[in-house]
Every structure is written in structure tokens, then in C-alpha cells.
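Data block below; observations after.
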Ligand SMILES: [Zn+2]
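Numbering (our numbering), first residue to last: 12 to 264.
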């Protein structure tokens, strides 16, 4: 007897071949058989009229804040998504401080308002739905660890790194060599804590709540490359970057 048998579903296995109506049996947490399953399962599921497929991975989400008040990360699971990646486009809410000192409330407030603006989230939800009691990316991950229903991973966001290192200057000038080194250190710490990679944007559509380009849009090419280079120290991590919206120009290509 199998643990679970899902019967008469349209099996779409993710290999690209056409879907087919079949049964799917699970034993010991693994798919044991796909085809006609005559044996019974402890649990039987009638999937007639439904698709049976591997879970989808949504590589571009902004669940960084919602994760605190909605542990299901709705509506993604309703669409068959079983893994989400957050922290895209450079818009993370960690770290909140660069050094050992206290968090500058103005930096945390900036990152909160920027995220609310660029992703169209209600500011009140971000103010009331999050504890805002972490300092580092590692502490941010600790707050969410074991609380979420789908699998979730998060990138380390450029605009957050830039803001906590440069404060108000993050949206007005290029970074110094020392500031870039400090951003690299924070990125490295975030990746060591389990961050899935580095994210950034130069898209002209990304302005903060005051209408000014978000911090990462003030970065030089050298700063961007310096930060991207840290990712290679952590095998399996990735880069996410929005170079532009609309048609790509020669520079973007
Ligand atoms: Zn995005």
C-alpha cells in the first residue's frame, strides 16, 4: 500500500512533454509510480479535472515584509507555487545598520517607505505588521526561520546596503572606496547567513517615496561590479538586476 495515491490527474511533469491523465503514487516521501496504480493509498486524492505537477518556483517576489503577517505568502501557494525568492530589485529591509552602533531610525524608516512605494504596499501594514527589531540580515532571517509555509529564500538588496552605509548620501552621490568595501562586507555577511544572492536595479521606474531615484541607481559601474564580485565567494548564489524597463538601449545590452 502506498502512502498517497493521486488519481486521474493531468500529469505535467515539467520536462516539456505533453500532459497525460494518470495516477501518481507516493511512498516514503517520494514519487513511487506514475501510470495506472492499482494498489490503494493510505490517503487517496481524486485529481480529476486538476493538474498534478511539480511545485513552481517564483524567482521574483517581494514578500520581505508580508512574510511577517502572512506566513502562507498568499496568493502564491494558491497558484501552485511552492518556493518563492524575495529580496529582489535591491529592495530589502535588512540589514538596518552597518556597524555595531544603534540602528538609525531614519535608515529603517527610509527602507520601509521605499519598499512601500516601489512595490505599492500599504505603508500602515509595514508600520504595524513588522517588529523592526533586527539589525543584521542574519537576525532578519532568524525572525522568519521556520515560520513560513512555502519554501522561501531571500536575496541581499543593494539599496538597503547603500542606505545603511551612506545614510542620506545614498540617494545623492557615488560611493567612496571605503563605503563600497563596507557594502561588500555587509553583503558577505548576509550571504554567509544564508542569502541567496545579490539584487539591484538601475531601472528608471524605481524611485523612492520622495520621487528620487532609489539608492542603487546612484551606484557607479565599479560599485555594482565590486558588489557582484562578492557573490562568487558563495557557490550556488545568484545575481538579480533590473537594468531598464522597456526596450534595452546599447548600454544596457
Ligand atoms: Zn522586483
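The C-beta atom is built at its ideal place from N, Cα and C for all residues, glycine as well.
In this text the structure is predicted, and so the values were computed from the model without any measurement.
Coil, strand or helix - residue i by DSSP
i: residue 250; result: strand
i: residue 146; result: coil
i: residue 164; result: strand
i: residue 214; result: coil
i: residue 92; result: strand
i: residue 267; result: This structure does not reach residue 267, given that the chain is present from 12 up to 264, and the question cannot be answered.
i: residue 206; result: coil
i: residue 191; result: helix
i: residue 31; result: strand
i: residue 14; result: strand
i: residue 67; result: strand
i: residue 243; result: helix
i: residue 179; result: helix
i: residue 184; result: coil
i: residue 58; result: coil
Selected residue, minimal CA-CA separation from residue i, among the options
i: residue 163; options: 46, 260, 73, 257; result: 73
i: residue 214; options: 58, 224, 118; result: 224
i: residue 33; options: 188, 67, 226, 17; result: 17
i: residue 50; options: 81, 59, 14, 149; result: 14
i: residue 192; options: 233, 211, 221, 210; result: 233
i: residue 77; options: 165, 61, 115; result: 165
i: residue 221; options: 152, 262, 258, 129; result: 129
i: residue 161; options: 117, 81, 136; result: 81
i: residue 8; options: 201, 172, 216, 202; result: What the structure shows of the chain is the stretch from 12 to 264, and residue 8 is not part of that stretch, so it cannot be assessed.
i: residue 103; options: 257, 184, 38, 146; result: 146
i: residue 169; options: 43, 249, 99, 59; result: 99
i: residue 211; options: 27, 48, 60, 251; result: 251
i: residue 253; options: 244, 243, 217; result: 217
i: residue 43; options: 126, 27, 12, 26; result: 12
i: residue 61; options: 35, 40, 259, 48; result: 35
i: residue 97; options: 249, 256, 255; result: 249
i: residue 63; options: 47, 25, 185, 152; result: 25
i: residue 59; options: 131, 41, 20, 47; result: 20
Beta-carbon contacts of residue i that lie in its chain and below 7 angstroms, excluding the five residues immediately before and after
i: residue 195; result: 237, 238, 241
i: residue 141; result: 76, 79
i: residue 148; result: 105, 106, 167, 200, 201, 204, 206
i: residue 174; result: 118, 121, 122, 181, 226
Nearest-angstrom Cα separation, counted from residue j out to residue i
i: residue 246; j: residue 226; result: 27 angstroms
i: residue 156; j: residue 22; result: 33 angstroms
i: residue 133; j: residue 30; result: 40 angstroms
i: residue 45; j: residue 219; result: 50 angstroms
i: residue 230; j: residue 158; result: 35 angstroms
i: residue 228; j: residue 261; result: 18 angstroms
i: residue 190; j: residue 136; result: 32 angstroms
i: residue 150; j: residue 108; result: 11 angstroms
i: residue 198; j: residue 110; result: 13 angstroms
i: residue 244; j: residue 208; result: 11 angstroms
i: residue 116; j: residue 28; result: 53 angstroms
i: residue 125; j: residue 65; result: 35 angstroms
i: residue 183; j: residue 176; result: 13 angstroms
i: residue 154; j: residue 235; result: 29 angstroms
i: residue 114; j: residue 127; result: 20 angstroms
i: residue 144; j: residue 112; result: 14 angstroms
i: residue 178; j: residue 258; result: 33 angstroms
i: residue 138; j: residue 41; result: 42 angstroms
Beta-carbon proximity list for residue i, same chain, < 8 angstroms, skipping 5 on both sides
i: residue 39; result: 14
Residues near residue i by beta carbon distance below 6 angstroms, same chain, minus five either side
i: residue 152; result: 204, 205
request  = Tell me, please, whether the region 83–99 touches the region 40–58 by the rule of three or more beta-carbon pairs shorter than 8 angstroms.
outcome  = no
Three-pair Cβ contact test at 8 angstroms for the region 91–103 versus the region 63–71 = yes
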